[in-house]
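*Asks:* Dropping the structure in here first, questions after.
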Amino acid sequence: MILHWNQKEISNMSDAYDIIVASDCTFFKESHKGLAQTLKFLLKNGSSEAIFLSPRRGDSLDKFLGIIEQSGLHFSVSENYDTEVWKRHQKLMNGDDSWPNYEMDHCYPVLTVKKDGRGFSFTAVF
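Each residue of the sequence shown is one higher than the one before, counting from 10 in our numbering.
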């Protein structure tokens, strides 16, 4: 099955998922609104969670989080969410040449958690 983010009718999947995991989904700003609506539609009421993995990519993350907030979800952002990932990031930022052209904004994932009044949580590693 292919799920398009702006798809209107996916009623058999409404409130169906406890956890959603996605990667590299927030780069294209024109897709943010559809993605936020789809997440809210698919996550179960209660203690559902969405986990995203992606770097910030300019203002793309901030724009997406603004739309997430407009849809009634709340979030927090953490850059240091795993000791090993953080150590590797610090080495790369301090001149480790094992990843040429490494830049935090374009390459490093940050962790974002979102919740709304119904208990949804949205965790994204950007």
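For every residue, glycine included, the Cβ atom is placed at its ideal position computed from N, Cα and C.
Between the Cα of T47 and the Cα atoms of S56, D24, W108, which residue gives the shortest distance?
*Replies:* Nearest C-alpha to T47: D24.
*Asks:* For Y90, list the residues DSSP reports as bridge partners.
*Replies:* In DSSP, Y90 forms no bridge with anything.
*Asks:* Mapping the DSSP letters down to three states, classify D114 as helix, strand or coil.
*Replies:* Of the three classes helix, strand and coil, the one that applies to D114 here is helix, per DSSP.
*Asks:* With DSSP collapsed to three states, give me the class of G128.
*Replies:* With a pLDDT of 49 at G128, under the threshold of 50, the predicted position of this residue should be treated as unreliable, and no value is reported.
*Asks:* Assuming the contact rule is C-beta atoms closer than 8 Å, A31 and S80 should be a hit. Round their C-beta distance to whole Å, please.
*Replies:* That pair is no contact at about 16 Å.
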